[in-house]
Amino acid sequence: MACWIATLYGGPKRSNQAAVAIEHKIYCFGGCRCIHEESSDQIIETFGVHVLNTIDYRWKLVETTAFQPNLSEQLLDGSGKPYQAYGEIPPLRVGHTVVVHQGMVYMWGGCCPDTNMMCSKMYRFDPEQRIWSVIPSASDTPSPRARHTAVVYNDMMLVYGGIESDRTNGRTM
407 MACWIATLYG GPKRSNQAAV AIEHKIYCFG GCRCIHEESS DQIIETFGVH
457 VLNTIDYRWK LVETTAFQPN LSEQLLDGSG KPYQAYGEIP PLRVGHTVVV
507 HQGMVYMWGG CCPDTNMMCS KMYRFDPEQR IWSVIPSASD TPSPRARHTA
557 VVYNDMMLVY GGIESDRTNG RTM
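Going by the numbering used here, the sequence shown opens with residue 407, and the numbers climb by one from there.
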């Protein structure tokens, strides 16, 4: 039977992140944390991945930096034992979506809060190998947008709605 848990220490204190579940783990991607809770003017986070193990309710943090996207980054699991994550790490973003397909996590869209620019790159994260990669875009890629919805259907990531770079509502899928 499902139930609510009041407090889990060590988890992300972020808004506008996206999450997926793979087996007994929940992966939370991106989002931001502000210096002052009542103001979103001062963003202090880079892109990150937080992982909740639903068996022992412990969080892991994948340490990343937007300034060195091709260097290996350390994964801290609370035990002090380092792990490595490799690849082209996405920059900070909010309003993006993530989906799972065949064990891989795909992330698309969102907005960079520092520049207010919409993102259109498709990233893939391999949770087993901890490797990020950029997926080349197809010619029929939707316009960059944030706050959209995405699902996987028949081996396709379908993106619908959201806000486009000109701040109009996205009407394509």
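Idealized CB from N, CA, C, for every residue including glycine.
As assigned by DSSP and simplified to three states, the class of residue i
i: L467; result: strand
i: M579; result: Unreliable positioning characterises M579 in this predicted model, as indicated by a pLDDT of 49, which lies under 50. A coordinate reading is not provided.
i: F453; result: coil
i: G515; result: coil
Which residues DSSP lists as bridging residue i, in chain order
i: N459; result: K431, R464
i: R551; result: E570
i: A425; result: C434
i: A408; result: BP columns for A408 are empty, so no partner.
i: A556; result: V565
i: S539; result: R530
Enclosing beta strand (DSSP E) for residue i [first to last residue]
i: H507; result: 503-507
i: M528; result: 528-532
i: I495; result: Run containing I495: none; DSSP gives neither H nor E here.
Inter-residue Cα distance where the pair is residue i and residue j
i: Y433; j: V511; result: 9 Å
i: I541; j: N522; result: 23 Å
i: K431; j: K466; result: 10 Å
i: S571; j: R551; result: 6 Å
i: G454; j: K419; result: 12 Å
Validate contact between the region 455-470 and the region 552-566 using beta carbons, cut 8 Å, 3 pairs: no
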